[in-house]
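Undergrad: Below you will find the structure I want to go over with you.
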Amino acid sequence: MDEALPFSFTTEGNNLVLTWNVAPDHYLYKDRITVQPVSDQVQLGTPNYSLPGAVTEDEYFGEVTVFRAPVSVTLPVTLPDDASEAVFQVTYQGCAEAGLCYPPQTREALFYRTGNTATGSDRPALSGPSHDTDTAAGLAGFLASRSTLTIAAVFLALGLGLTFTPCVLPMVPIISALVSSRNTQTHTHALLLSSSYVLGMALTYALAGVLTGLLGASFNLQAHLQSPWVLGVFATLFVVFALSMFNLYDLQLPRSIRDRLNQASHRLTGRRVMSVFAIGAISSLIVSPCVSAPLAGSLLYISTTQDAAIGGIALFTLGLGMGLPLILVAVGGRRFLPASGQWMNVVKSFYGIMLLAVAIWLVERLVADWVALTLWGILAAITGVQLGAFDAARAGWQRTWKGLGLVLFAYGLALLAGAMAGANDPLKPLSPFTVRATSPLQDDASRQAFVRLSSPDRLRQAMQQAAGEGRPVILDFYADWCISCKIMEREVFTDPQVRQAMTPYTLLQIDLTENTPAQQELLNELGLFGPPAILFFQPNGEEARNLRVLGEMSRSQFLNHLTGATGLQQS
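Each number in the numbering used here comes from the position in the sequence shown (counting from 1) with 8 added on.
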């Protein structure tokens, strides 16, 4: 069917344009074409066909109008004021001249608000299409209306913007250890290795994203790779590598093999480059499992248009943008390093500490908060001791390092105290003591704000109950392996102003940690690709799709978003 009557769609101004590239010796029934909006609030105008069609006597349906050449239909679309996009179900049927009739087909088409959609008003039309690139729907609309070169440039910039997020920062110690002066000889060598790492990361990011977009949430490779045994294995490897940095032992191959590999490395052969490429590919899925607005926008576009080429280009350049700072760290860092000497042992120890930090960062998704804080506290305290916190120091840099060691040791003690008191944020280890001084129940109330469910069936029952009570709903998508979810839980949902603003809502949370088939089906049903995501539902149970939040938000951004959603409470 897809070869006989290839179907596509696009947005042109206020119109949804549907196109069938009818193949030779085939035809499409005009009367069998139906277009229905998923939301009742979306209105469709009179369709305008590019061809009149031919009236023929059909042996199955009698006198009908058919199209035997490529045809398009233009449908005016009117969206509610608070909507930026709409989904339509398009049903059609066709036959081959040889006598074979295909069963009716139903496809989804996506329409984006690309300009001023109001009719009969005095407001001037926009000079060109515009999209809110802060949202996934806006980015998907952007992909649908821009050239490939523009898409690549914008997503490269978006990737750079993700540099200082949980998606990228944990990769810095990995790339630093891989291209340290111990492992590379020249700036060119460091550039080659770091570029291969970033290329592996970008290609894997693009491939996983395209497959997820085409196959839906059922192909969620990142979620599968967040299982305890996978994270445990990689965390153990990082610990093993870190301990070797402390000279506890040497991880070396037999001398004969090592000499040959070193010679090959000196000649910059592809053997080591490919190994670093593979490490980059693995790191992109193990270390950075998160869904940002740029990623979600690309996946949304891919899943609705099946245009894997444009979506893949966007995701690839997004990965390159995320990786460019890693290349600068790897290559630029060498420029400031002195000649070989004792300082290299200090650098090795520093890399070891960073790799231990990545190991803790991986396992804190799997363990209780107090265990994670205990691990961070031990790492900080021991690092402080190693910096000379309790050693005699002469004037100069020794006292500076001693002071830094004392600060880290004190911070480690604070983390350990916070772990015993029930703290859950490494950046606020003493919060249980300060909170209890004012309101003993404040922390417990913040934790119980959302009703956490893991069963989609129970979630639907809770949604129906809220709709029966006429209450709007905020639905949060959470997973233990989603670092951005935990950041929002710690820094956004616990804020008193945010909790006050969410008071009129029923607060529900679906836990996707186990990534069960039922949870995957729910993601597919809602057009999502994983956490973090926050959906808003009106009192009648319908989703306000224009209010979707995909990716991490700061406290101020979420407060502003809640302010824009106040209309739901009176809907």
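For glycine and all other residues, C-beta sits at the position ideal for the given N, C-alpha and C.
Could you tell me whether the stretch 100-120 touches the stretch 550-568, using the rule of 3 or more Cβ pairs below 8 Å?
TA: With the cut-off at 8 Å, the stretch 100-120 and the stretch 550-568 do not touch.
Undergrad: THR408: buried (16+ other C-beta within 10 angstroms of its C-beta) or exposed?
TA: As a working note, residue 408 is residue 400 in the sequence shown. So THR408 counts as exposed.
Undergrad: Could you give the C-beta distance for LEU164 and GLY329, rounded to a whole number, given that I count them as a contact under 8 Å?
TA: Within the sequence shown, residue 164 is the residue found at index 156, counting from 1. Within the sequence shown, residue 329 is the residue found at index 321, counting from 1. Right, their Cβ atoms sit about 4 Å apart.
Undergrad: Considering only residues of the same chain and omitting the five flanking positions on each side of VAL72, which have a CB-CB separation below 7 Å?
TA: Taking the sequence shown and counting its residues from 1, the one referred to as residue 72 is at position 64. TYR37, ASP39, THR64 and ASP66, listed in sequence order.
Undergrad: Could you tell me whether the stretch 458-475 touches the stretch 545-563, using the rule of 3 or more Cβ pairs below 8 Å?
TA: Output reads yes: the stretch 545-563 touches the stretch 458-475.
Undergrad: Would you mind reading off the limits of the beta strand (DSSP E) that contains SER80?
TA: Within the sequence shown, residue 80 is the residue found at index 72, counting from 1. Run containing SER80: 79-86, per the beta strand (DSSP E) assignment.
Undergrad: Compare the C-alpha of GLY217 against each of TRP237, ALA317, GLU529 and GLY102 and name the closest.
TA: The residue you call residue 217 lines up with position 209 of the sequence shown. Residue ALA317 is the option with its Cα nearest to GLY217.
Undergrad: Could you pull the DSSP bridge partners for ILE590 from this structure?
TA: Limits of the chain in this structure are 9 at one end and 579 at the other, which puts residue 590 out of reach.
Undergrad: Please classify GLU560 as buried or exposed, where buried requires at least 16 neighbouring CB atoms within 10 angstroms.
TA: Along the sequence shown, one-based indexing puts residue 560 at 552. So GLU560 counts as buried.
Undergrad: If THR521 and ASP484 are in contact, beta carbons under 8 Å, what's the gap, nearest whole angstrom?
TA: Stepping through the sequence shown from its first residue, residue 521 is reached at position 513. Stepping through the sequence shown from its first residue, residue 484 is reached at position 476. Between ASP484 and THR521 the Cβ distance is about 13 Å, and since that is not below 8 Å, they are no contact.
Undergrad: Can you give the Cα-Cα distance for PRO45 and THR86, rounded to whole angstroms?
TA: Along the sequence shown, read from residue 1 onward, the residue named residue 45 stands at position 37. Along the sequence shown, read from residue 1 onward, the residue named residue 86 stands at position 78. Cα to Cα, PRO45 sits roughly 11 Å from THR86.
Undergrad: Considering only the alpha carbon of each residue, which of LYS356, VAL393 and ALA427 lies closest to TRP384?
TA: The residue given as residue 384 occupies position 376 in the sequence shown. The residue with the shortest Cα to Cα distance from TRP384 is ALA427.
Undergrad: Hey, would you say GLN528 sits closer than 7 Å to PHE458, going by beta carbons?
TA: On the sequence shown, position 520 is the one that residue 528 refers to. On the sequence shown, position 450 is the one that residue 458 refers to. Cβ distance not < 7 Å, so GLN528 and PHE458 don't count as in contact.
Undergrad: Leaving out five residues on either side along the sequence, give the residues of the same chain with a beta carbon under 6 Å from the beta carbon of VAL366.
TA: Residue mapping note: residue 366 aligns to position 358 of the sequence shown, counting from 1. Here the set comprises PRO178, PRO181 and PHE246.
Undergrad: Are the CB atoms of LEU334 and GLY167 nearer to each other than 7 Å?
TA: Locating residue 334 in the sequence shown gives position 326, where the first residue counts as 1. Locating residue 167 in the sequence shown gives position 159, where the first residue counts as 1. No, the Cβ-Cβ distance between LEU334 and GLY167 is not below 7 Å.
Undergrad: Less than 7 Å separating the beta-carbons of ASN22 and PRO78?
TA: Sequence index remark: in the sequence shown, residue 22 carries index 14 (1-based). Sequence index remark: in the sequence shown, residue 78 carries index 70 (1-based). Cβ atoms of ASN22 and PRO78: not closer than 7 Å.
Undergrad: Beta carbon of ALA338, beta carbon of ILE183: below 7 Å?
TA: Position 330 of the sequence shown holds residue 338. Position 175 of the sequence shown holds residue 183. Yes.
Undergrad: Run through DSSP, which three-state label would PHE501 get?
TA: Looking up residue 501 in the sequence shown gives position 493. It is coil, neither helix nor strand.
Undergrad: DSSP has ARG460 in a bridge; who is on the other side?
TA: On the sequence shown, position 452 is the one that residue 460 refers to. BP columns for ARG460 point to GLN517.
Undergrad: Determine the burial state of SER58: buried for a count of at least 16 other Cβ atoms within 10 Å of its Cβ, exposed for fewer.
TA: In the sequence shown, counting from the first residue as 1, residue 58 sits at position 50. SER58 comes out exposed.
Undergrad: What residue range does the alpha helix (DSSP H) around GLN580 cover?
TA: The displayed coordinates of the chain run from 9 to 579. Any statement about residue 580 would go beyond what the structure contains.
Undergrad: Spatial neighbours of TYR600 within its chain, please: CB distance less than 6 Å, with the 5 preceding and 5 following residues excluded, ordered by chain position.
TA: Residue coverage of the chain in this structure runs from 9 to 579, which leaves residue 600 outside it and unanswerable.
Undergrad: Could you spell out the range, first to last residue, of the beta strand (DSSP E) harbouring PRO45?
TA: Working through the sequence shown from its first residue, we reach residue 45 at position 37. Unbroken beta strand (DSSP E) run through PRO45: 42-45.
Undergrad: DSSP puts GLN51 in a beta bridge; with which residues?
TA: Locating residue 51 in the sequence shown gives position 43, counting from the first residue. Paired residue(s): THR86.
Undergrad: Taking a contact to mean a Cβ-Cβ separation below 7 Å, would you say PHE119 touches ALA94 in this structure?
TA: Start at 1 with the first residue of the sequence shown, and residue 119 comes out as number 111. Start at 1 with the first residue of the sequence shown, and residue 94 comes out as number 86. For PHE119 and ALA94, yes; Cβs fall inside 7 Å.
Undergrad: Taking the C-alpha atoms as reference points, what is the distance between LEU558 and GLY411?
TA: In the sequence shown, the residue the question calls residue 558 occupies position 550. In the sequence shown, the residue the question calls residue 411 occupies position 403. Each residue's alpha carbon lies about 42 Å from the other.
Undergrad: Given SER203, which residues of its chain have a CB within under 8 Å of its CB, disregarding the five upstream and five downstream residues?
TA: For the purposes of this step, residue 203 is taken as the residue at position 195 of the sequence shown. Taken in chain order, the residues that qualify are ILE335.
Undergrad: Should SER562 go down as buried or exposed, given a rule of 16 or more other Cβ atoms within 10 Å for buried?
TA: Here the question's residue 562 lines up with position 554 in the sequence shown. Answer is exposed; the Cβ neighbour count stays below 16.
Undergrad: Would you call LEU134 buried or exposed, if buried means 16 or more other Cβ atoms sit within 10 Å of its Cβ?
TA: Here residue 134 refers to the residue found at position 126 of the sequence shown. Residue placement at LEU134 is flagged as unreliable, the pLDDT there being 30, under the threshold of 50; the coordinate-derived value follows with that caveat. That one is exposed.
Undergrad: Along the alpha helix (DSSP H) that carries THR173, what are the first and last residues, could you check?
TA: In the sequence shown, the residue the question calls residue 173 occupies position 165. It is not in any alpha helix (DSSP H) - THR173 carries neither H nor E in the DSSP assignment.
Undergrad: Per DSSP, THR73 forms a beta bridge with which residues?
TA: For the purposes of this step, residue 73 is identified with residue 65 of the sequence shown, where counting begins at 1. Looking at the DSSP assignment, THR73 forms a beta bridge with VAL63.
Undergrad: So, for ILE290: in the same chain, excluding its five sequence neighbours on each side, which residues have a beta-carbon less than 6 Å away from its beta-carbon?
TA: As a position in the sequence shown, residue 290 is number 282, starting the count at 1. Closer than 6 Å at Cβ, skipping near neighbours: no residue.
Undergrad: What three-state label does DSSP hand GLN113 in the structure shown?
TA: Within the sequence shown, the letter at position 105 stands for residue 113. If DSSP states are grouped into helix, strand and coil, GLN113 belongs with the strands.
Undergrad: What residue does the alpha helix (DSSP H) around ASN432 start on, and which one ends it?
TA: Walking along the sequence shown from the start, residue 432 turns up at place 424. Note, ASN432: premise wrong, no alpha helix (DSSP H); not H, not E.
Undergrad: What is the DSSP secondary structure of GLN97, counted as helix, strand or coil?
TA: Counting from one through the sequence shown, the residue named residue 97 turns up at place 89. Of the three classes helix, strand and coil, the one that applies to GLN97 here is strand, per DSSP.
Undergrad: Quick one: grab the DSSP three-state call for TRP237.
TA: Translated into positions along the sequence shown, residue 237 becomes position 229. It is helical.
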